[in-house]
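Quick note, in the numbering used here, the sequence shown goes up one by one and the last residue is 281.
Just below is one structure, and these are the notes that go with it.
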Amino acid sequence: MKRDEKTKAILDAALRVFRCKSYHGATTKEIADAAGISVGTMFRLFPNKEDLLMGLVADLVDTVAPQLFAESMGRVLKDYLGSGMEDTIKSFIHGRLQLFNENKELISVIHAESAFNPRLKEAMFTQIYSPMKSIIEEFISLGIERGRFRNVDPAAAARYIGSAVLYTFLDVWYQDTDLTGSTLESIENQFVDLILNGIKSSCVPENHLQPAREAQPWKAQS
């Protein structure tokens with residue numbers, strides 16, 4: 060087995076074992092056995108379990124990031140020149156959710172461990188989160204410049220939209236929803252509607268909105 064083939068076999072095995080037993084519950088021997096190689100051979104390529112995890116991040120960056128950013132986002136921004144906001148946002152959401160769905164096992168393992176591993180967290184922040192946030196900020200800034208969006212803080216808007224995309228993926232992942240066909244289209248339409256129109260009713264005049272009632276301290280009955 061060639062080096063590249065061994066690397067792929069090890070990372071594929073690590074992903075399967077991490078998904079089944081979690082990162083902390085898995086052992087290097089279990090991963091080596093699943094890959095069909097000796098522990099010593101695996102250690103020559105990945106000296107420890109954390110390096111296996113970082114190898115999965117590198118795999119994510121190599122396979123997903125180019126599609127997540129450069130390849131599809133250039134087209135989205137180009138389309139924005141001649142299409143409505145609804146179509147542009149829907150195109151952006153569609154590409155991201157499809158990509159997440161196609162790589163959900165890999166993303167779910169990395170996402171779960173990034174909260175506990177500083178090295179992994181830093182890699183995800185610099186290689187995935189920051190570039191995606193910058194792209195959304197560019198989109199918002201362009202919309203403001205052309206009068207299509209109101210004058211909002213692009214960074215805050217990007218944070219909100221990026222978080223909404225991530226939560227949507229987690230929601231369909233936890234519920235094991237088939238993110239294809241009419242289900243995907245429905246989610247996209249709802250997402251676009253909420254991004255552009257919010258949740259405030261257009262039928263209620265501003266001065267008729269009632270302020271939230273302040274919480275009253277509980278009083279013991281005499």
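Glycine included, each C-beta is placed from N, C-alpha and C at the ideal position.
- Going by DSSP, Tyr-233 is part of the alpha helix (DSSP H) stretching over 213–233.
- In the displayed model, Tyr-188 falls within a helix according to three-state DSSP.
- In this chain, the alpha helix (DSSP H) harbouring Arg-178 covers 177–183.
- The beta carbon of Lys-88 is closer than 8 Å to those of Val-98 in its chain, skipping five residues each way along the sequence.
- In chain order, Ile-148, Ile-220, Ala-223 place their CB closer than 8 Å to the CB of Ile-254, counting only its own chain and leaving out the 5 sequence neighbours on each side.
- In the structure shown, Phe-105 falls within a coil segment according to DSSP collapsed to helix, strand and coil.
- For Phe-250, the enclosing alpha helix (DSSP H) stretches over residues 240–256.
- Closest in alpha carbon position to Pro-213, among Arg-205, Glu-145, Lys-192, Leu-229, is Lys-192.
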